[in-house]
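Residue numbers (our numbering): -18 to 139. C-beta: ideal position from N, C-alpha, C; glycine also. Notes follow once the structure below has been shown.
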């Protein structure tokens, strides 16, 4: 889950890490949809899953549908957290976002990693200033940007 502190990459690349987060979100969509009314066909049930999650999370239906279909759509951290928050064991969306970024800041500290060094290792076109703003939540971030920042931090922690 996005808000859990990661101390090991388990050999995952940034793309693999994003796939893991997509799978977590897809599981929430599937579980939440299963709580909705039973439908007469699998296709109808899939639409209900997507509709239920889109309505409850406030996330655009097309983004939820893409996740449900196994795609990896562009999604903001806030929207990913809104979907994740539908899991009964997850905190609310704001707490998920806060915890996720706080874990990265703590990881930077334990890895003795500054923003300039991080910017040189991030697999995305983000400047040190942009990374700092995202870490401090003064600028919004996509899930891809979060993963691009998270990967080198976790990789250097231990």
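- In this structure, the alpha-carbon of residue 120 lies about 16 Å from that of residue 131.
- Inside the segment 83 to 112, DSSP marks whole alpha helix (DSSP H) runs of 4 or more residues at positions 96 to 102, from first to last along the chain.
- The C-beta of residue -8 has fewer than 16 other C-beta atoms within 10 Å across all chains shown, which makes the residue exposed.
- Under the criterion of beta carbons closer than 8 Å, residue 60 and residue 34 do not qualify as touching, at roughly 11 Å.
- The C-beta distance from residue 115 to residue 122 rounds to 4 Å, short enough to meet the 8 Å contact threshold.
- When only Cα atoms are considered, residue -13 and residue 56 end up about 20 Å apart.
- Its chain contains 62 as the residues whose beta carbon lies nearer than 8 Å to that of residue 75, once the 5 sequence neighbours on both sides are disregarded; these appear in chain order.
- CA-to-CA, the gap between residue 112 and residue 12 works out to about 34 Å.
- When the alpha-carbon of residue -17 is set against those of 107, 68, 89 and 100, the nearest one is in 68.
- Nearest in C-alpha terms to residue 133, of all of 48, 47 and 91, is 91.
- Residue 123 has 57 as its beta-bridge partners, per DSSP.
- Nearest in C-alpha terms to residue 103, of all of 80, 135 and 118, is 135.
- Between the alpha carbons of residue 52 and residue 105 lies a distance of about 20 Å.
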